[in-house]
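The structure appears below as structure tokens.
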Amino acid sequence: DGGITQSPKYLFRKEGQNVTLSCEQNLNHDAMYWYRQDPGQGLRLIYYSQIVNDFQKGDIAEGYSVSREKKESFPLTVTSAQKNPTAFYLCASSIGYASTEAFFGQGTRLTVV
Amino acid sequence: AQKVTQAQTEISVVEKEDVTLDCVYETRDTTYYLFWYKQPPSGELVFLIRRNSFDEQNEISGRYSWNFQKSTSSFNFTITASQVVDSAVYFCALSEARTGTASKLTFGTGTRLQVTL
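These protein sequences, in sequence, are chains A and E. For the first sequence, the working numbering assigns the number 1 to the initial residue and increments by one for each residue that follows. For the second sequence, the working numbering assigns the number 1001 to the initial residue and increments by one for each residue that follows.
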């Protein structure tokens, strides 16, 4: 089935550790995105990528890093510099034009203790 | 800067009632796109509808209908004869429409809809 796969679904990490969230898509989409969702808030854009080997900061990129070495993959690293990393992280992809809808994965819930 | 406001934090209705979810947006762009997404308890966002700023024709799709009014910057969503399966968080979102850019979405804070028997 075509879609977006995020893993793991739940992730626990100790404070001060870096952690990488996986996102893979088989929709042949050019653009991929990472959003963060906090309780009672909407989604906020962390990073996005329109093509392989290129990515741009979103509204809340501080403390995060990404790579886009393959079209299908867009991993997100939450670094120790991120002050409040506990959140629900959603990966999405789209054809790449502003008029098109984005397709979302099922999310990774990260808890830092 | 773009902004999307969903003033209703939570709505509770009894099954078969009609319910309208409000969305008000702000943008300086003359061309833009508006979306509604549904987030069930499983977590993923499910796309429901897209409208561009030049298309104010309202639409009905089954039990769903949308009312886009550019004059009031509103894009409201109505569920007719609600069902328990409609219980979810609903997000309104806005994207810029610049050629070559990805679909960067600005989301509202969401409206949690609870439909009970």
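Here a beta-carbon is modelled for each residue, glycine too, at the ideal position from N, C-alpha and C. Computed from a predicted structure; not experimentally measured.
Under 7 Å by beta carbon: chain A residues contacting residue i
| i | result |
| --- | --- |
| Val1109/E | It is Thr, not Val, that sits at residue 1109/E in the sequence shown. Simply Gly40, Gln41, Gly42. |
Residue i: first and last residue of the uninterrupted beta strand (DSSP E) it sits in
| i | result |
| --- | --- |
| Glu1059/E | 1059-1061 |
| Ala1093/E | 1088-1096 |
| Asp54/A | 54-57 |
| Leu76/A | 76-78 |
| Gln37/A | 31-37 |
| Ala189/A | Since the displayed chain A opens at 1 and closes at 113, residue 189/A lies outside it and no answer follows. |
| Lys1003/E | 1003-1005 |
| Gln6/A | 4-7 |
| Thr1116/E | 1111-1116 |
| Ser22/A | 19-25 |
| Thr1027/E | Counting along the chain, Thr1027/E falls outside any beta strand (DSSP E), and DSSP gives it neither H nor E. |
| Val1084/E | Taken as a continuous stretch (DSSP letters only), Val1084/E belongs to no beta strand (DSSP E), as it is neither H nor E. |
| Leu43/A | 43-51 |
| Ile1011/E | 1010-1014 |
| Leu1048/E | 1046-1052 |
| Glu1079/E | For the sequence presented, residue 1079/E should be read as Ile rather than Glu. Segment 1074-1079, the beta strand (DSSP E) holding Ile1079/E. |
| Arg109/A | 108-112 |
Under 8 Å from the C-beta of residue i: neighbouring residues of chain E
| i | result |
| --- | --- |
| Gln25/A | Per Cβ cutoff of 8 Å: no residues; Gln25/A is ~13 Å from chain E at best. |
Buried versus exposed call for residue i [16 or more other C-beta atoms within 10 Å across all chains shown]
| i | result |
| --- | --- |
| Gly2/A | exposed |
| Glu1044/E | buried |
| Arg1063/E | exposed |
| Glu101/A | buried |
| Gln50/A | buried |
| Leu1117/E | exposed |
| Lys70/A | exposed |
| Lys1104/E | buried |
| Val66/A | buried |
| Gln25/A | buried |
| Gln1083/E | exposed |
| Thr1111/E | buried |
| Phe12/A | exposed |
| Ala31/A | buried |
| Ile1060/E | exposed |
| Asp1086/E | buried |
| Gln1069/E | exposed |
| Gln1057/E | exposed |
| Thr1027/E | buried |
| Phe1054/E | exposed |
| Tyr89/A | buried |
Neighbour list for residue i in chain A, Cβ cutoff strictly below 8 Å
| i | result |
| --- | --- |
| Phe1077/E | Under the 8 Å cutoff, chain A gives no residues; its nearest Cβ is about 15 Å from Phe1077/E. |
Whole-number beta carbon distance between residue j and residue i, since they are thought to touch under 8 Å
| i | j | result |
| --- | --- | --- |
| Glu1015/E | Val1089/E | The pair is not a contact, with the Cβ atoms about 18 Å apart (cut-off 8 Å). |
| Glu40/A | Ser80/A | Here residue 40/A turns out to be Gly, not Glu, going by the sequence shown. Contact flag wrong, Cβ pair sits at about 26 Å. |
| Tyr33/A | Tyr48/A | 4 Å |
| Pro8/A | Thr86/A | Incorrect: roughly 15 Å between the Cβ atoms, too far for contact. |
| Ser93/A | Ile4/A | 6 Å |
| Arg1051/E | Tyr1025/E | Incorrect: roughly 11 Å between the Cβ atoms, too far for contact. |
| Thr111/A | Asn18/A | The Cβ separation is near 15 Å, so there is no contact. |
| Phe1075/E | Leu43/A | 17 Å between Cβ atoms; not a contact. |
Residue i beta carbon near the ligand HEM (any heavy atom closer than 7 Å)
| i | result |
| --- | --- |
| Val1085/E | Among the components of this structure there are no ligands whatsoever, and the ligand HEM is therefore not found. |
Check each residue of the segment 1033-1067 of chain E: if its Cβ is closer than 7 Å to any Cβ of chain A, include it; give the result in chain order. Those would be Tyr1033, Phe1035, Ser1042, Gly1043, Glu1044, Leu1045, Phe1047, Arg1050, Asn1052, in chain order.
Within 9 Å of chain E by C-beta, residues of the segment 44-67 of chain A in sequence order: Going along the segment 44-67 of chain A in chain order, one finds Arg44, Leu45, Tyr48, Ser49, Gln50, Gln56, Gly58, Asp59 with a Cβ nearer than 9 Å to chain E.
Residues within the segment 75-106 of chain A neighbouring chain E, beta-carbon criterion of under 9 Å: Phe88, Leu90, Ala92, Ser94, Ile95, Gly96, Tyr97, Ala98, Ser99, Thr100, Glu101, Ala102, Phe103, Phe104, Gly105, Gln106
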